[in-house]
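The sequence shown begins at 295 in my numbering and counts up one residue at a time. From the three backbone atoms N, C-alpha and C, an ideal C-beta is built for every residue, glycine too. Worksheet: the structure to be examined is printed underneath.
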Amino acid sequence: MAAAPTIDILVTNNGGPAPGRYDRWDEDAWIAALQANMLAAILLITQVVPGMRARRFGRIVNITSAMVKSPQLPMGLSTASRAGLTAFAKALSREVTCDNVTINNLLPERIETARLQGMIARVARHGGIDELAARAEMLRPIPAGRFGTPDEFGDACAYLCSAQAGYVTGQNLQIDGGAYAGLI
């Protein structure tokens, strides 16, 4: 914060904890997940919001996960902490929007990144299949028939950070190629 005292745009992101089994997560694992994927972002947000409000402009985008709307138990550490951040962001967005400060969340699902490559390798190992078969398996639930690109994801984030997105706040934008089957 000392290096950049006047912040108008904040994008929070953190790699999530590895998938696992709920019966193997102890209190330390839960606390680490909450600190990394919820509390770190909330503490940053609470530090920058007063200045944004005073300057009457601010854009906050939290990169959470599609799992906050479609939880999968192996991703429980990540999902629970990111869902907490999502709820906090929604609540705060309603208070600060009157000062032209917006807070939104991007919910990625299967974007072509190193983390996705790691997940493909994990599916291959656990399924006893090669990585091409694991990749095809992970593509199956994506109606777009492909993984998203970092550029597509970045463009969505840039929009939410723009002046043109001033009337978009408290939203969860899924970047998932149509994978989410729900209405809301």
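Query, Result
"Option nearest Ala385 by Cα separation, candidates Ile301, Thr340 and Arg416", "Thr340"
"Whether Gln465 touches Asn394 by CB criterion (8 Å)", "no"
"Of the residues Gly352, Ala381 and Glu446, the one placed nearest Thr358, counting alpha carbons only", "Ala381"
"Supposed contact pair Ala330 and Asn308 - C-beta distance, whole angstroms, cut 8 Å", "5 Å"
"Selected residue, minimal CA-CA separation from Gly352, among Val462, Tyr474 and Gln468", "Val462"
"At least 3 beta-carbon pairs within less than 8 Å: the region 443-457 vs the region 359-370", "no"
"Secondary structure of Asn466, DSSP reduced to three states", "strand"
"Segments of 4+ residues assigned as alpha helix (DSSP H) that fall wholly inside the region 423-453", "425-433"
"Given Cys455 as reference, the closest of Ala408, Leu304, Gln468 and Pro402 once Cα atoms are compared", "Leu304"
"Sub-8 Å separation of Thr396 and Ser387 beta-carbons", "yes"
"Start-to-end residues for the beta strand (DSSP E) that takes in Gly352", "Gly352 to Ile357"
"Spatial distance of Phe441 from Gly460 (CA atoms)", "29 Å"
"Anticipated Cβ contact below 8 Å, Cys451 with Leu400, distance rounded", "6 Å"
"Local Cβ density within 10 Å of Met332, reported as buried at 16 or more and exposed below that", "buried"
"Beta-carbon proximity of Ile414 to Glu425, cut-off 8 Å", "yes"
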